[in-house]
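*Asks:* My questions all concern the structure below.
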DNA sequence: GCCGATGATGTCAGTCGCTGACATCATGGA
DNA sequence: TCCATGATGTCAGCGACTGACATCATCGGC
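Residue numbers (my numbering), protein chains in the order written: chain A, 144 to 334; chain B, 144 to 334.
Here's what the structure looks like:
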């Protein structure tokens, strides 16, 4: 096993850092993978052993977020309504952003600077929605309700995140609650 | 429905058709852009003059759909609630799928066969959602409501489309209405 | 009917993302 | 000590994509 994260090693972290730095310094498409690897003291080939492609270096936190969110949905009481379970999933993830406001902001500015990265971001969110929908189906929620509830949860998350990053630092939780309330109001106002 | 254009020209259509054929015959990543161009009687360079990249050849109908949907939102009565306006946009687009069930099904099976294409598809939907949100903001709907209502509309559209393609041929309109009702029920059940 | 402008296409060369195959090297356990 | 293992380096190559320039067809003006 022994994957120690001492200083000289931790190649993955070094690659992530080098990539972020270079993307900020020169921009995403003025940075080659070879550049990133060189700054991290590694080779291009090694980069691709740690990340599936150039974009992925910015999205490595994804799986953790997904596991947490899906776990909270699975842990919700069986009698909870679909959207209630999804809301539990979304709020369960809020603490993961504590103290990361500056980093999230920087990361988001990079993503917003290049369509290729935005594409990957929405793909990650779609994947997350799919995992949420699967968790709901496992709770007995049929389609299309499962898909709709999952996509609704992601919509709330996206809106809350957007509010959170563009505001001065603070907790993400109240933003989620606000957006969730707003979401319900919008849906009810249609009557 | 063939409408396979006449012999002379219409290079874009020929490229689209050649790409579809080859993707079905050999699969997406066993098909090079040079293959597509050759079958269409053109060169690789010409392919990239008509489509921004290899994926785009499958997504050329996007802008039309978006214009129609956004137009319907803009045309909705000013006093209509955000989600009502969005619903008008989504339903306005249903007729565009009439008589295209088989084609849509084929296209979807190709997209589902490769992550790169799924990524592009959700990116297109995200772009559509953004356009919808802009139309709502132009109607005076503030954030995060505009974003939430737009994403909700896209969620309904996705769910309705998924129901429609996986069912025997028929009109898409009732699917949209069903999914919209289901969506409202889900949102209300949270109380 | 000729002629030059315009736009679409072909040709060529090159960069970069990404992969397979194989060599090297450090580490740790038998 | 030795060798199994995993991480890294090296090399060759494919395919997506782009810029630059040449060619060619078409068409309006003369």
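Don't be surprised by glycine CBs; every beta carbon is placed ideally from N, CA and C.
Is it a yes or a no for the segment 207–227 of chain B touching the segment 166–185 of chain B, going by three-plus beta-carbon pairs under 8 Å?
*Replies:* With a cut-off of 8 Å, the segment 166–185 of chain B and the segment 207–227 of chain B do not count as touching, because too few Cβ pairs lie within range.
*Asks:* Take the Cβ of residue 306 of chain B as the centre, count every other Cβ of all protein chains shown within 10 Å, and call the residue buried at 16 or more, exposed below.
*Replies:* Flag for residue 306 of chain B reads buried.
*Asks:* For residue 291 of chain A, which three-state DSSP category applies?
*Replies:* Of the three classes helix, strand and coil, the one that applies to residue 291 of chain A here is helix, per DSSP.
*Asks:* Looking at the structure shown, is residue 146 of chain A part of a helix, part of a strand, or coil, going by DSSP?
*Replies:* Low confidence applies to residue 146 of chain A: its pLDDT is 38, below 50, so where it sits in the model is not reliable, and the reading given next is rough at best. Three-state result, residue 146 of chain A: coil.
*Asks:* Confirm, please, whether the CB-CB distance from residue 316 of chain A to residue 234 of chain A is below 8 Å.
*Replies:* It is a contact, given that the beta carbons lie within the stated cut-off.
*Asks:* Note down, in chain order, every chain B residue with its Cβ under 7 Å from the Cβ of residue 294 of chain A.
*Replies:* In chain order: 298 and 301.
*Asks:* Residues of chain B with CB under 7 Å from residue 269 of chain A, in chain order?
*Replies:* What residue 269 of chain A touches in chain B: 265.
*Asks:* Which term fits residue 196 of chain A, buried or exposed, when burial requires 16 or more other beta carbons within 10 angstroms of its beta carbon?
*Replies:* Answer is exposed; the Cβ neighbour count stays below 16.
*Asks:* Comparing the C-beta of residue 333 of chain A with each C-beta of chain B, is any distance below 8 Å?
*Replies:* It does: the Cβ of residue 333 of chain A has a partner Cβ on chain B nearer than 8 Å.
*Asks:* Of all the CB atoms in chain B, is at least one closer than 8 Å to the CB of residue 288 of chain A?
*Replies:* Taking Cβ atoms only, chain B reaches closer than 8 Å to residue 288 of chain A, which makes this a yes.
*Asks:* Less than 8 Å separating the beta-carbons of residue 158 of chain B and residue 183 of chain B?
*Replies:* Yes.
*Asks:* In three-state terms, what does DSSP make of residue 127 of chain B?
*Replies:* Nothing about residue 127 of chain B can be read from this structure; chain B reaches only from 144 to 334.
*Asks:* Confirm, please, whether the CB-CB distance from residue 260 of chain B to residue 171 of chain B is below 8 Å.
*Replies:* Contact flag set, yes.
*Asks:* Secondary structure at residue 175 of chain A, three-state DSSP: helix, strand or coil?
*Replies:* Note: residue 175 of chain A maps to coil in three-state DSSP.
*Asks:* When you compare the CB positions of residue 295 of chain B and residue 292 of chain A, do they come within less than 8 Å of one another, or not?
*Replies:* No, they are not a contact pair.
*Asks:* Can you list, in chain order, the residues of its chain whose CB lies under 7 Å from that of residue 245 of chain B, leaving out five sequence neighbours each side?
*Replies:* Cβ neighbours of residue 245 of chain B beyond the five flanking positions: none.
*Asks:* Going by C-alpha to C-alpha distance, which of A:202, A:229, A:164 and A:163 sits closest to residue 319 of chain A?
*Replies:* Taking only the C-alpha atoms, the option nearest residue 319 of chain A is A:229.
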